[in-house]
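Each residue of the sequence shown is one higher than the one before, counting from 29 in my numbering.
All residues carry an ideal CB built from backbone N, CA and C; glycine is no exception.
Just so it is clear, the structure is predicted and the values come from calculations on it, not from any experiment.
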Amino acid sequence: MGNGDPVEISIMLTIRSQRWRERRARYVDDLTVINPRDFAVNQLAPSQARRFVAAHHYLPNYPAAQVAVGLFGKQAALVGVAVFAMPSTGSVITRHTGFEDPARGTTLARFFLLPEVAGNGETWFLSRALRLLRQERPGIEAVVSYSDPQAGHIGQCYAALSGAYRGRTEPRTAYRIDGVPISGRTLSKIRLGERGAAGAIDQLVSLGAPRPGTAEEPGVWLARLRRDRILVAERTLGLFAYCFELTHAARLQGRALPRRPYPKQLPPAHPQFPFMDAA
């Protein structure tokens, strides 16, 4: 095969599951099975969820959470989180759920387990986290979640729970510092001087960016990071969008929306894809 030819990535739906520890990817055998008696699922305090995400997830910033749920293993150790959060815009909910009122939906903004949890842990944990979400916020009837093929995710565990696959989002520009993704919302907080801008600046500095000069405007600082190739922009191919319809009303509403066949493999190889393992 010549250079530049597209390469199809092998299907890896039953080989291994991606996990995270200290913001580095780890993998476990998909065929391993958890013992439910070793685990408990409970709501998390925001501070505990925030620390866990910052310590382990590849997106360390904490979203505008509505409900955070923890998976606890032996000796009550926290080994996984599911963070349901407000979307960046209400259209995220209306587009994928069909509800006119975005308050009837939420997003699964962070969801990951540590490597010590066996291969089927995602589906076991997520099903219980969704149940707890409904108990805590009965007005929420649907959950939108995205998987990022650029990070090696096709949403295997979402398919296992019969989440409706809506298709791929539009291509977008992603930003990274030293390989770590930086959300567009983080950058807009800095640029516009919104609430949380100081914490967003601290996040970029913790990843290796120089701190802004005393009189340096936020937009000028971000432009300097781009110019010096510290903050790197990459054009991505879009995310895979899923929707969990949690009530009868949500399922009825979703009938008018696409429910496409689940993706079975990653897209053809792309020069900007740093990871190539389906999860």
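Among the residues of its own chain, which have a CB less than 6 Å from the CB of residue i, if the five just before and after it don't count?
i: P130; result: G118, I121 and T122
i: V171; result: T134, L136 and F272
i: V81; result: Y90 and R138
i: L285; result: G126
i: T60; result: A146 and G147
i: D176; result: L267
i: R204; result: V260
i: R132; result: E169
Using DSSP's beta-bridge definition, name the partner residues of residue i.
i: G195; result: A269
i: Q46; result: Y55
i: I168; result: DSSP lists no partner for I168.
i: Y174; result: A269
i: G133; result: A170
i: L141; result: G108
Below 7 Å CB to CB, which residues in the same chain sit around residue i once its five sequence neighbours on both sides are set aside?
i: E198; result: G266
i: V248; result: none
i: A192; result: Y270, C271, E273, G282 and R287
i: K217; result: G224, A225 and A228
i: H298; result: Residue placement at H298 is flagged as unreliable, the pLDDT there being 42, under the threshold of 50; a coordinate-derived value is accordingly withheld.
i: L253; result: A237 and L259
i: V95; result: Q71, F112, L161, E164 and R165
i: E50; result: A83 and H84
i: A202; result: P209, E262 and T264
i: L158; result: V171, F272 and L274
i: R221; result: A small fix is needed here, since residue 221 is Gly in this sequence, not Arg. Once the five neighbours on either side are set aside, the close Cβ partners of G221 are P246.
i: A278; result: T125, E169 and A170
i: E128; result: T122
i: P143; result: R47, R49, R54 and V56
DSSP state of residue i, grouped into three classes?
i: E245; result: coil
i: L274; result: coil
i: F67; result: coil
i: F153; result: helix
i: Y90; result: coil
i: V260; result: strand
i: Y290; result: coil
i: G180; result: coil
i: A251; result: helix
i: P74; result: helix
i: G147; result: coil
i: G236; result: coil
i: A284; result: coil
i: L189; result: coil
Spatial neighbours of residue i within its chain, please: CB distance less than 8 Å, with the 5 preceding and 5 following residues excluded, ordered by chain position.
i: F140; result: R47, W48, H84, H85, G108 and V109
i: A104; result: A68
i: Q300; result: With a pLDDT of only 39 at Q300, under 50, the local geometry of the prediction cannot be trusted, and the value read off the model is given with reservation. Hits under 8 Å: Q178, E262, R263 and T264.
i: L250; result: L215, I218, R219 and L259
i: P64; result: W152
i: R196; result: L265, G266, L267, F268 and A269
i: N31; result: With a pLDDT of only 36 at N31, under 50, the local geometry of the prediction cannot be trusted, and no value is derived from it.
Could you confirm whether any beta carbon from chain D is found closer than 8 Å to the beta carbon of residue i?
i: V208; result: The question asks about chain D, but that chain is absent: this structure has only one protein chain.
Report task. Could you tell me whether the region 96 to 108 touches the region 61 to 69, using the rule of 3 or more Cβ pairs below 8 Å? Result -> With the cut-off at 8 Å, the region 96 to 108 and the region 61 to 69 touch.
Report task. Could I get the ranges of all uninterrupted alpha helix (DSSP H) runs contained in the region 81 to 130, with 4 residues as the minimum, in chain order? Result -> For the region 81 to 130, whole alpha helix (DSSP H) runs of length 4 or above, ordered along the chain, are 119 to 125.
Query raised in the report: Where in the region 201 to 230 do unbroken runs of the alpha helix (DSSP H), each at least 4 residues long, occur, reported from the N-terminal end onward?
Result: Unbroken alpha helix (DSSP H) runs of no fewer than 4 residues, entirely contained in the region 201 to 230, are found at 212 to 220, following chain order.
Report task. Evaluate contact between the region 177 to 195 and the region 151 to 161, counting only Cβ atoms and requiring at least three cross-stretch pairs below 8 Å. Result -> Look at the beta carbons and you see the region 177 to 195 touching the region 151 to 161: at least three pairs across the two are nearer than 8 Å.
Report task. State whether the region 234 to 253 contacts the region 201 to 212, with contact taken as three or more CB pairs (one from each stretch) at a distance under 8 Å. Result -> Touching, yes, given that three or more Cβ pairs across the two stretches are closer than 8 Å.
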